[in-house]
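J.:
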């Protein structure tokens, strides 16, 4: 994982669009709902934050991309007092629908709140963004490239601050 | 109301129906009613919870 500030500056460098979302919905007993995130054609999305909670502890979550499960099933989606993050899917770019499948396997209905932030890029720029993120995340492997990137980020930051 | 349907705000939805759609230009969100949990999923989820 890289620092939030670096991520934000890289997003700026590659013309990323920050898109926060929040959805609240009720799931009846033994029912399931899907929430889909679909980038417009020619764009790719990068997930930088996910969180949520549910009223009951009988909520489960699967995440799919192109019919493939992205993480192990979360069988007890957090209750109302808990917040969670899913760190394992933050290093991928998605240029098609990502599906969040919420199951309520309990005998009473539950309410789910699910929110997050995605970054959207034109596909060509998305690759550049991901390469930069990886270069920053792999500091010991290529310190020269990392230093160059950090200097570039610093210049971008100075530019942003200079305009404020 | 049929077993598989659900009523939300006075409207009846069947499995596969889009309950909510939000188009933000570069990204689209859809909330879709799935239906009743399949028996194998219910067993899997209860089993994995243990």
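Residue numbers (the working numbering), protein chains in the order written: chain P, 2 to 165; chain F, 12 to 61.
Here a beta-carbon is modelled for each residue, glycine too, at the ideal position from N, C-alpha and C.
Since we're looking at a predicted model, the values are computed, not measured.
Hey, does residue 21/F have any beta-carbon neighbour from chain P nearer than 8 Å?
T.: no
J.: Going along chain P, which residues have a C-beta under 9 Å from residue 40/F?
T.: 22, 24, 36, 37, 38, 39
J.: Tell me whether the region 11–31 of chain P and the region 109–125 of chain P touch, counting them as touching only if at least three CB pairs, one residue from each stretch, are closer than 8 Å.
T.: yes
J.: Taking only the alpha-carbon atoms, compute the straight-line gap between residue 155/P and residue 10/P and give it to the nearest angstrom.
T.: Each residue's alpha carbon lies about 9 Å from the other.
J.: Please confirm if residue 28/F has its CB atom under 8 Å from at least one CB of chain P.
T.: no
J.: Can you grab the Cα-Cα spacing for the pair residue 37/F / residue 41/P, in whole Å?
T.: Each residue's CA atom was taken as its position, placing residue 37/F and residue 41/P some 5 Å apart.
J.: Could you tell me the boundaries of the alpha helix (DSSP H) in which residue 129/P lies?
T.: 124–138
J.: So does the region 32–49 of chain P actually touch the region 99–114 of chain P, counting three or more Cβ pairs closer than 8 Å?
T.: yes
J.: Measure the C-alpha to C-alpha separation of residue 30/F and residue 20/F and round it to an integer number of angstroms.
T.: Looking at the backbone, the Cα of residue 30/F and that of residue 20/F are separated by about 10 Å.
J.: State the start and end residues of the unbroken alpha helix (DSSP H) segment that holds residue 10/P.
T.: 5–14
J.: Determine, using beta carbons only, whether residue 206/P and residue 28/P come nearer to each other than 8 Å.
T.: Nothing about residue 206/P can be reported from this structure: the residues present for chain P run from 2 to 165 only.
J.: Apply the 10 Å Cβ neighbour rule to residue 133/P and answer buried if 16 or more other Cβ atoms are within range, or exposed otherwise.
T.: buried
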